[in-house]
Amino acid sequence: MKNAVGREIPDNIEGIGKVKPYEGAFKNIGAIEKTKVKVSSKLPNEDKVLSSIRESIIKCGLKDGQTISFHHHLRNGDHVLNMVLKEIDELGIKDITVAASSIFPVHQPLVEYIKKGVVTGIYANYISGPVAEAISLGLLKKPVVMQSHGGRARAIEEGDLHIDVAFIAAPTCDTYGNINGVDGRAACGSLGYAIPDAMYADKVVAITDNLVDYPACPIEISQEYVDYVVKVDSIGDPNGIVSGTTKITKDPVGLKIAKMAAQVIKASGLLKDGFSFQTGAGGTSLAVAAYLRDMMKKENIKGSFASGGVTGYIVEMFEEGLFDSIFDVQCFDLKAIESYRNDKRHQGMSASMYGNPHNKGCVVNNLDVMILGATEIDTDFNVNVTTGSNGIIMGGSGGHNDTAAGSKLSIVVTQLTKGRLPIVVDKVTTVTTPGETIDVLVTERGIAVNPNRKDLIEKLKGTNLPIVTIDELKKTAEELTGVPEKVEFDDKIVGVVEYRDGTIIDVLKKVK
Amino acid sequence: MKILKPAKAGTYESNDIYIMIQPNDNGIKIELESIVMKQFGKRIEEVIKETLEKLEVKDAYVVAKDRGALDYTVSARVETAVKRAGVEK
Chain F
1022 MKNAVGREIP DNIEGIGKVK PYEGAFKNIG AIEKTKVKVS SKLPNEDKVL
1072 SSIRESIIKC GLKDGQTISF HHHLRNGDHV LNMVLKEIDE LGIKDITVAA
1122 SSIFPVHQPL VEYIKKGVVT GIYANYISGP VAEAISLGLL KKPVVMQSHG
1172 GRARAIEEGD LHIDVAFIAA PTCDTYGNIN GVDGRAACGS LGYAIPDAMY
1222 ADKVVAITDN LVDYPACPIE ISQEYVDYVV KVDSIGDPNG IVSGTTKITK
1272 DPVGLKIAKM AAQVIKASGL LKDGFSFQTG AGGTSLAVAA YLRDMMKKEN
1322 IKGSFASGGV TGYIVEMFEE GLFDSIFDVQ CFDLKAIESY RNDKRHQGMS
1372 ASMYGNPHNK GCVVNNLDVM ILGATEIDTD FNVNVTTGSN GIIMGGSGGH
1422 NDTAAGSKLS IVVTQLTKGR LPIVVDKVTT VTTPGETIDV LVTERGIAVN
1472 PNRKDLIEKL KGTNLPIVTI DELKKTAEEL TGVPEKVEFD DKIVGVVEYR
1522 DGTIIDVLKK VK
Chain Y
-18 MKILKPAKAG TYESNDIYIM IQPNDNGIKI ELESIVMKQF GKRIEEVIKE
32 TLEKLEVKDA YVVAKDRGAL DYTVSARVET AVKRAGVEK
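Structure representation (structure tokens):
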């Protein structure tokens, strides 16, 4: 059956079961039920500290076919996922589903466990590197389920994604399981993505390299959720934890795009006192923040909040008084971690509070402006950030489709072509974010506004910004690059892309 | 026309193509690597062949390492490599 973005979705997918096709960004909102949680309560004087990861796996009673989870705040410096899987493999446990909020190149050992049948299923919001390639080549037994940050929280809370054991990388943990991310050698700041795991998994193991006396305050994940605590030598490499992408671009094309995006925001009328804003950590996205910073200072505008994965640049704007608060689900650099530790108005948020469409209101619903990237965008404004145009997985929604849906104005900033590939295309390889939630596309060769946003088109008419149709942008791109040949896929489904509400917006096919 | 000696042109930078050209005995042989092989591999080979034809090069062994170059870049790099190699009429 064709879903609401025109993608052919089978009724049943082997390894997934019956699927519900995507019907529209807000068609599946309303009354829901949260799942029950099994709790093994503790007696006074019962000890939580165990001697090894292996002992914790045994004590949790992990069996063949169960699901374990991880969070990705240690990013490409994470040691925990690899350490846990090594023990699981050595214990002879098989057919495990790994629900990791994101998977990075550092998780390459996972490929071997996929080949050996130790791991047969994966849920993730973002996957890059060898694991992504292995999945696209069809090595994983069950189709991968690609979710969004908010969608993952939703799936866990509703019981669609049941976690048997959550392994939480804890930069600091006390002997009774209170966790924070602000202290320790592997400090990473907010632990927002781990919170649904901690609250809803049957068993929770905190793995730390900074075991401290009780209590470890400030507490981000509390003792009431944690079954066991394990001390290891290192949970992660600080160099891999802090992202290298948090610099403003110096590329003149990127700067031109960012400047135009800032002018679109100004023209939209949203840039006034109380303004709220989120942007990614990419160079062009950050440059938009830089232009806004100047505009806000010049016109003496005081914003309400900035949100998301937080960079030092956003913290600087906050410290200058341009935003009253920050909502932080993940810190991207040391400056963000420091601010999160020291300033109470730099508020942590869980993945659910950030973007779950099925709670009583998530932060993205209060966002004025969201700046997004794109690997491809099609003439219906559908965006792909999941696969490269060669069809191989190279990312995933993260917060992309959550923030696009929630914000009043979602702007995609991208160069019109990248390495000969046209970015504006007829049909995106994979739909990650539906076009109905994307308002504007800004490229160096023109700005296209979603035809549904007639109000915005009117407002932009009064400016000297180069407004064109998205079809014109597509044509310009193809004139430069030539029309790419269609990439051919095998019929085998290697994954599904779940929209934040749990419906299936697209499927991923095996690459030839 | 024949290629006299090996020569190269271009870089490994993004949006460029690196061309190495060498003498060859019978006809044109092209070895292409590209970051957009699936989408533009055929087209890049075509442009290399067309450029060699235009320069009347009948025998050459071309190694091309593409980093997303547009057609005119491909053509310019091939032409430069041929001119650096020198040809025998």
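Here the protein sequences line up with chains F and Y, keeping their order.
Counting from 1022, one number per residue, gives the positions in the first sequence under the working numbering.
Counting from -18, one number per residue, gives the positions in the second sequence under the working numbering.
Every residue gets a Cβ at the ideal spot worked out from N, C-alpha and C, and that includes glycine.
- Within the model, the alpha-carbon separation for F/L1158 versus F/S1122 is close to 21 Å.
- Following the DSSP letters along the chain, one finds F/V1250 inside the beta strand (DSSP E) bounded by residues Y1249 to K1252.
- Scanning F/L1102, F/P1239 and F/Q1244 for the CA closest to the CA of F/E1067 turns up F/Q1244.
- Listed by position along chain Y, the residues whose Cβ is nearer than 8 Å to that of F/E1397 form an empty set, because the closest Cβ is around 12 Å away.
- Here the alpha carbons of F/D1345 and F/I1240 stand approximately 23 Å from one another.
- Listed along chain F is no residue with a C-beta nearer than 7 Å to that of Y/K30; the closest approach is about 15 Å.
- The residues I1413, in chain order, have a CB closer than 7 Å to that of F/E1154 in the same chain once the five nearest residues on each side in sequence are set aside.
- By the criterion of at least three beta-carbon pairs nearer than 8 Å, the segment 1160 to 1179 of chain F is not in contact with the segment 1227 to 1238 of chain F.
- Of F/I1398, F/K1482 and F/E1479, the smallest CA-CA separation from F/V1452 is found for F/I1398.
- DSSP places F/F1296 in the coil class of the three-state scheme, outside both helix and strand.
- Using a Cβ distance threshold of 9 Å, F/N1146 and F/G1172 count as a contacting pair.
- For F/I1117, the closest C-alpha among the options F/K1084, F/N1103, F/G1369 and F/L1102 is that of F/K1084.
- Counting along the chain, no alpha helix (DSSP H) covers F/A1145; the unbroken beta strand (DSSP E) around it starts and ends at V1140 to A1145.
- Against F/S1410, the close residues of chain Y are V17, K19 and Q20, in the order they occur along the chain (beta-carbon pairs closer than 9 Å).
- Around the CB of F/S1072, fewer than 16 other CB atoms lie within 10 Å, so the residue is classed as exposed.
- Shown here, F/N1321 sits in coil according to DSSP, grouped into three states, outside any helix or strand.
- Approximately 19 Å separates the beta-carbon atoms of F/A1426 and F/V1463; this is outside 8 Å, ruling out the contact.
- Residues L1095, G1098, D1099, H1100 and A1207 of the same chain have their beta carbon placed closer than 6 Å to that of F/G1257, with the five preceding and five following residues left out of the count.
- Three or more Cβ pairs drawn from the segment 1191 to 1202 of chain F and the segment 1210 to 1227 of chain F lie within less than 8 Å of each other, which places the two stretches in contact.
- Of all residues in the segment 1463 to 1482 of chain F, none has a C-beta nearer than 8 Å to a C-beta of chain Y.
- Look at F/E1154: its C-beta is not under 9 Å from any C-beta on chain Y.
- Rounded to the nearest angstrom, the Cβ distance from F/V1350 to F/G1330 is 7 Å, consistent with a contact under 8 Å.
- With respect to chain F, the C-beta atom of Y/L13 has no partner C-beta closer than 9 Å.
- For the segment 1334 to 1367 of chain F, the continuous alpha helix (DSSP H) assignments of 4+ residues that do not extend past its boundaries occur at 1355 to 1363, in sequence order.
- Rounded to the nearest whole angstrom, the CA to CA distance from F/K1319 to F/L1343 is 11 Å.
- For the segment 28 to 60 of chain Y, residues whose beta-carbon sits nearer than 7 Å to a beta-carbon of chain F comprise R48, G49, A50, L51 and D52.
- Bounds of the alpha helix (DSSP H) holding F/G1171 are H1170 to E1179.
- Pairwise C-beta distances place the segment 1433 to 1451 of chain F in contact with the segment 1497 to 1507 of chain F, as three or more of them are shorter than 8 Å.
- Within the DSSP secondary-structure output, Y/Y(-1) pairs in a beta bridge with Y/K46.
- Against chain F, the beta carbon of Y/R24 has neighbours under 7 Å at G1503, listed in chain order.
- Sequence-distant partners of F/E1493 (beyond 5 residues in either direction) whose C-beta falls short of 8 Å from its own C-beta, in its chain, are G1467 and A1469.
- F/D1511 sits in a strand when the DSSP states are folded into three classes.
- Where Y/F21 is concerned, the enclosing alpha helix (DSSP H) starts and stops at M18 to K35.
- Scanning its chain for C-beta atoms nearer than 6 Å, with the 5 sequence neighbours on each side dropped, one finds around F/G1456 the residues D1401, F1402 and N1403, in chain order.
- Residues of chain Y whose Cβ lies closer than 8 Å to the Cβ of F/G1440 are, in chain order, S(-5), N(-4), I16, V17, R48 and G49.
- A straight line joining the alpha-carbon of F/T1141 with that of F/H1367 spans about 39 Å.
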